[in-house]
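Written out below as C-alpha cells is the structure these notes cover.
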Amino acid sequence: IVYGVVDDDGLMAIESVTVHYNIPPFGLAVTTPGAGDTVYLSPADVRTGGGSVQFAFLAEDSNGSSDTLTYRLRLGRSSLVLDPVYAGHASVTMVNGLDTGAYYWRLSCIDRFGDSSVATGMFRCVLRKTVCFMGHSIVTGAGGTPGRGGFRKSVLD
C-alpha cells in the first residue's frame, strides 16, 4: 500500500506499507476412520490391553508447501472430555489401547503463523466375533422341520 500525506504548505511525504496476511489451513478432515465409522477389534486385542486404530488426516494450506502444518488430535468417550493423543507434523498416527464403545475426536491443524482449523467427529469400536460350525452341519428344516433350515436335531438338543 502506498499513501501520501500533504501538509499545509503543499509538501507531500510518500510512504509505503507492506501488509502480510495468512489464510488458515482448509479442507481439514480425518480420512481414517471416517466420521461415524465402525472399527472392528479382535477379542485378542481387547484381552491384551485394547485395540489399535490408525488415524489419517488431510488438510490444505494456501501458503503452499513452505508452511509447516502441525496436527493435534484429541480423543475421548465424551464429546466434552477429550484427551490429547497426538501432536506432530505427520498426517498419520496410530492410537492404541481402545476398548469397545463410542469415541469422539477433535483434530486441530495449525500453520506456522498460528492460524488453525478444526474438525470433529466420532467412531465406534465393536468386537469382531467369529461363528464356528466345526463338526456340525446345517440342513434343510429347523431340526427336521421342512422349509425352515437350521442345525441337525442333535445339535439343538
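Using the numbering used here, the first residue of the sequence shown is number 18, and each one after it goes up by one. Cβ atoms here follow ideal geometry from the backbone N, Cα and C, with glycine treated the same way.
Which residue from the options puts its Cα closest to that of residue i?
| i | options | result |
| --- | --- | --- |
| residue 146 | 41, 28, 59, 132 | 59 |
| residue 45 | 129, 34, 113, 133 | 133 |
| residue 68 | 99, 117, 139 | 117 |
| residue 38 | 114, 129, 112 | 129 |
| residue 87 | 127, 112, 143, 25 | 127 |
| residue 52 | 72, 26, 23, 43 | 72 |
Output the boundary residues of the alpha helix (DSSP H) element that contains residue i.
| i | result |
| --- | --- |
| residue 64 | 60-64 |
Check for me: the beta strand (DSSP E) holding residue i runs from which residue to which?
| i | result |
| --- | --- |
| residue 72 | 68-77 |
| residue 110 | 109-115 |
| residue 129 | Where residue 129 is concerned, there is no enclosing beta strand (DSSP E), given that its DSSP letter is neither H nor E. |
| residue 95 | 87-95 |
| residue 35 | Segment: none, residue 35 is in no beta strand (DSSP E) and carries neither H nor E. |
| residue 104 | 98-105 |
| residue 180 | Lying outside 18 to 174, the shown extent of the chain, residue 180 is not represented and no answer is given. |
My understanding is that residue i touches residue j, with C-beta atoms under 8 Å, so please give their C-beta distance in whole angstroms.
| i | j | result |
| --- | --- | --- |
| residue 104 | residue 89 | 5 Å |
| residue 138 | residue 47 | 6 Å |
| residue 94 | residue 119 | 7 Å |
Could you check whether the Cβ of residue i sits closer than 7 Å to any Cβ belonging to chain C?
| i | result |
| --- | --- |
| residue 116 | Reference to chain C is not applicable here, since this structure consists of a single protein chain. |
Q: Answer yes if the stretch 65-84 comes into contact with the stretch 99-113, meaning at least three C-beta pairs across the two stretches below 8 Å, and no otherwise.
A: yes
Q. Is there contact here, the stretch 49-65 with the stretch 19-33, by at least three beta-carbon pairs under 8 Å?
A. no
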